[in-house]
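Notes to accompany the following structure.
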Amino acid sequence: MMANAYAELPLVMLGAGGHAKVLLSLIRAAEMNVVGVCDPVLAENGIRKWRGLIVLGADEALDAINPASVGLVNGIGQLAASTARRRVFERFKEKGFSFPVLVHPTAWVDESTVLSEGVQVMAGAVIQADVTVGLNSIINTSASIDHDCYLGSHIHVAPGATVCGHVNLSDFVFIATGATVIQAIHIGESAIVGAGATVVRNLGPGETLLGAAARNISQT
Ligand SMILES: CC(=O)SCCNC(=O)CCNC(=O)[C@H](O)C(C)(C)COP(=O)(O)OP(=O)(O)OC[C@H]1O[C@@H](n2cnc3c(N)ncnc32)[C@H](O)[C@@H]1OP(=O)(O)O
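The opening residue of the sequence shown carries number 1 in full-length UniProt numbering; numbering runs sequentially from there.
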């Protein structure tokens, strides 16, 4: 696995929703050091602690922090076609902050895998040999990415989805929960694969695939 240049920095969580909660659990399981959370809703409501973390304020609280002194955790989740997570990543990269790779201790990530900045690999996920995962992508709970896949930036493979070998997912692709992508498929930029779908043909940019109807193709 790629060396995680920022892994030793104290972490600051961005956001306090469901994805952030699961990431906090990952961080604690990995015994990493997290020093606070930035969240506009907590700050507006005067809440000072969130799940044991100090609320540093809204995102503006980071203006007072040297970008080289902390690593950020993108706690914004990624649903189909939403851009909030990507915008947060790009905004803070422009300000000079870094986003360490996070891998839950129960995930299996082969040593030949390349995980780019900000990738988050959640509990029970499996990433096999010679896979590359682009910036700010999520491999969610119990998802499986098999050998020789190339996954672009800002993609999300949702819980329990299976991506077989030699698959290429372009940037911003969303593979919903429980979907299966068979081997050697190419999925175009921003395409969406719906929950439970089985992908057996290439999918073009921006296309959405739904349904998993099985049919008997044997000779009668
Ligand atoms: C930790 C976490 O929780 S991470 C989040 C994990 N969640 C997911 O992975 C689920 C992501 N969502 C999906 O997969 C959705 O099916 C989407 C995004 C692909 C489609 O959602 P929408 O565009 O909102 O579609 P919408 O709900 O309006 O449904 C449109 C039609 O498609 C059907 N449909 C929607 N999803 C599916 C599906 N996965 N399979 C089959 N049919 C579907 C609906 O029944 C509806 O049919 P109708 O018009 O005949 O009534």
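Note that CB positions come from ideal geometry on N, CA and C, so glycine has one too.
Residue 195 CB to nearest heavy atom of ligand 1 below 6 Å
True, at least one ligand heavy atom lies under 6 Å from that Cβ.
For my contact list, residue 176 and residue 200 are in at a C-beta cut-off of 8 Å; report their separation, rounded to the angstrom.
Actually they do not touch by this definition, with Cβ atoms about 16 Å apart.
Cβ distance (whole Å) where residue 184 is taken to contact residue 160 below 8 Å
Rounded, the Cβ-Cβ distance is 22 Å, inconsistent with contact.
According to the neighbour-count rule (16 or more other Cβ atoms, all chains shown, within 10 Å of its Cβ), is residue 210 buried or exposed?
exposed
Between the CA atoms of residue 19 and residue 46 - distance to the nearest angstrom
So the two alpha carbons sit approximately 22 Å from each other.
Environment of residue 78 [buried if 16+ CB atoms lie within 10 Å]
buried
What are the boundary residues of the beta strand (DSSP E) that includes residue 79?
Careful: residue 79 lies outside any beta strand (DSSP E) and carries neither H nor E.
Within 7 Å, strictly: CB atoms of residue 127 and residue 145:
yes
For ligand 1, is there a heavy atom less than 6 Å away from the beta-carbon of residue 80?
yes
By how many angstroms is the C-alpha of residue 66 removed from the C-alpha of residue 133?
If you take the alpha carbons of residue 133 and residue 66, they lie about 28 Å apart.
Per the contact definition of three or more C-beta pairs closer than 8 Å, is the segment 103-118 in contact with the segment 32-51?
With the cut-off at 8 Å, the segment 32-51 and the segment 103-118 do not touch.
By a C-beta neighbour count over all protein chains shown, 10 Å radius and 16 as the cutoff for buried, is residue 3 buried or exposed?
Here residue 3 scores only 47 on pLDDT, less than 50, and its place in the model is too uncertain to base an answer on.
Quick one: using the 10 Å Cβ neighbour count with 16 as the cut-off for buried, is residue 152 buried or exposed?
That one is buried.
I want to see whether chain B comes within less than 7 Å of residue 95, judged by CB atoms only; does it?
In the structure shown, chain B cannot be found, because there is only a single protein chain.
In terms of residue numbering, what span does the beta strand (DSSP E) encompassing residue 23 cover?
No beta strand (DSSP E) contains residue 23, which is instead part of the alpha helix (DSSP H) from 18-29.
What number of angstroms, rounded off, separates the C-alpha of residue 89 from the C-alpha of residue 214?
39 Å
Going by beta carbon distance, what residues of the same chain come within less than 8 Å of residue 81, once the five residues before and after it are set aside?
174, 190, 192
Can you tell me whether residue 205 sits near ligand 1, meaning its C-beta is under 6 Å from at least one heavy atom of the ligand?
no
With hydrogens ignored, establish whether the beta-carbon of residue 40 is closer than 6 Å to any heavy atom of ligand 1.
no
Spatial neighbours of residue 120 within its chain, please: C-beta separation below 6 Å, excluding the five flanking residues on both sides.
The residues 102, 138, in chain order, have a CB closer than 6 Å to that of residue 120 in the same chain once the five nearest residues on each side in sequence are set aside.
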